[in-house]
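S.K.: Residue numbers (our numbering): 41 to 144. The structure that follows is given in the form of structure tokens.
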């Protein structure tokens, strides 16, 4: 989406992530929810939210500063590079489905 529709969609997705994720995400316990819009550990306030899951997966979301889209960052841990890559692909797919389901 572009223009006003894109900005509204981004706002809705970020609001959804803030409001609809508390104890679990993608079937895993949320160990930490870091909402940088409230300030976090002395950092300046920013429209960024990060989830740390029980398996040390990190999922971070922030609106792009130059385009009408949200950027997602994923960090996963695996015993091997192959395991980590497979886990990353799975988490990315599941998170995209979660956002699509909750935001529209």
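Don't be surprised by glycine CBs; every beta carbon is placed ideally from N, CA and C.
1. What ranges does the beta strand (DSSP E) occupy inside the segment 50-78, keeping only unbroken runs of at least 3 residues that lie completely in it?
2. Please classify residue 116: does DSSP put it in a helix, a strand, or coil?
3. Go through its chain and collect everything with a Cβ distance to residue 117's Cβ below 6 Å, but skip five positions before and after it.
4. Alpha carbon to alpha carbon, what distance is there between residue 133 and residue 101?
5. Report yes or no: do the segment 69-78 and the segment 103-123 share at least 3 C-beta pairs separated by less than 8 Å?
6. Report the three-state DSSP secondary structure of residue 142 (helix, strand or coil).
7. When burial is assigned at 16 or more other CB atoms within 10 Å of the CB, is residue 129 buried or exposed?
M.R.: In this structure, then:
1. 68-75
2. coil
3. 96
4. 15 Å
5. no
6. helix
7. exposed
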